[in-house]
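Here's the structure, in structure tokens; my notes come after.
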Amino acid sequence: MSTIFREEGFDEFTVIQATESEISSITNLLKETAKWIQEKGINQWSYLLYGNGDGEIIKDIKLGKTYIVKDKHGKFAATFNISPQQNNWDIDMWGKRTDHAYYIHRLAVSGDYRRQQIGKRLLHWIIKNSDGIIRLDCVAHNTVLNKFYQDTGFALIGFRGEGDDTYSLYEKC
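Residue numbers (this note's numbering): 39 to 211.
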């Protein structure tokens with residue numbers, strides 16, 4: 039597997055492509071994050087709690103789209119997906135695009151590392167170490183996550199959907 043990044047990590051963290059041996063750790067982290075989000079009253083990622091995303095998670099790991107972040111002791115700190123190819127969701131959100139961009143999905147930080155700016159530092163590292171536009175989305179009513187993306191330097195490009203199914207679209211050049 040080859041990485042799309044120029045550097046191997048940031049600060050005391052290493053960023054590597056996930057392998058099939060990490061499937062359990064990744065799905066557990068995503069489900070833990072989904073539960074944490076639900077407890078905060080935000081309806082996002084609830085499908086993960088019921089295993090509805092497990093097949094897609096495994097597929098993305100096998101395709102080399104999933105990365106993990108480990109601390110200097112090898113402890114699992116975060117995960118995310120990134121791809122230069124749009125998936126069906128990206129096409130629904132952004133329309134069919136041919137520009138040079140990377141799409142980020144399922145960025146999650148382990149509970150042991152929350153409130154340490156790992157997500158922000160990771161996004162800055164991704165921006166610095168990739169050679170295209172970075173795009174991501176989130177539910178529009180998740181005010182904390184929307185503010186986080188804006189504070190990290192992403193520009194709000196627009197919205198897709200309606201009502202509770204409205205999504206904010208962000209990009210960083």
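Beta carbons: idealized from backbone N, C-alpha and C, even for Gly.
Suppose you measure from the CA of residue i to the CA of residue j; what does that come to, to the nearest Å?
i, j, result
"H138", "S168", "11 Å"
"V107", "R144", "13 Å"
"Q124", "Q154", "31 Å"
"D202", "V182", "16 Å"
"D49", "I165", "15 Å"
"M39", "Q55", "Because M39 carries a pLDDT of 48, less than 50, the predicted location of this residue cannot be relied on, and the following value inherits that uncertainty. Cα to Cα, the separation comes out at about 8 Å."
"K185", "I156", "16 Å"
"L68", "Y187", "19 Å"
"I42", "D128", "19 Å"
"Q76", "R135", "32 Å"
"G47", "A115", "12 Å"
"E45", "E209", "21 Å"
Taking residue i as the reference, give the member of the options with the closest Cα.
i, options, result
"I80", "H179, F197, G201", "H179"
"T57", "F43, I42, I99", "I99"
"L174", "K166, K158, M131", "M131"
"C211", "G199, K78, I171, I129", "I171"
"I120", "K103, D128, G133, K113", "K103"
"H111", "Q82, F51, V177", "F51"
"Y141", "V53, R44, E45, L207", "L207"
"F192", "K158, G199, V177", "K158"
"S62", "E200, G89, W83, W74", "G89"
Whose C-beta lies closer than 6 Å to the C-beta of residue i among residues of the same chain, with five residues either side of it excluded?
i, result
"T71", "A146"
"G91", "Y85"
"T117", "I64, L67, I106, A146"
"L161", "T190"
"P122", "Y140"
Return yes when at least one heavy atom of the ligand FAD lies under 7 Å from the C-beta of residue i, else no.
i, result
"Q154", "Here there are no bound small molecules, and the ligand FAD is not part of this structure."
Sequence ranges, beta strand (DSSP E) only - wholly within the region 56-135, length at least 3: Listed in chain order, the complete beta strand (DSSP E) runs (minimum 3 residues) inside the region 56-135 are 104-108, 114-121.
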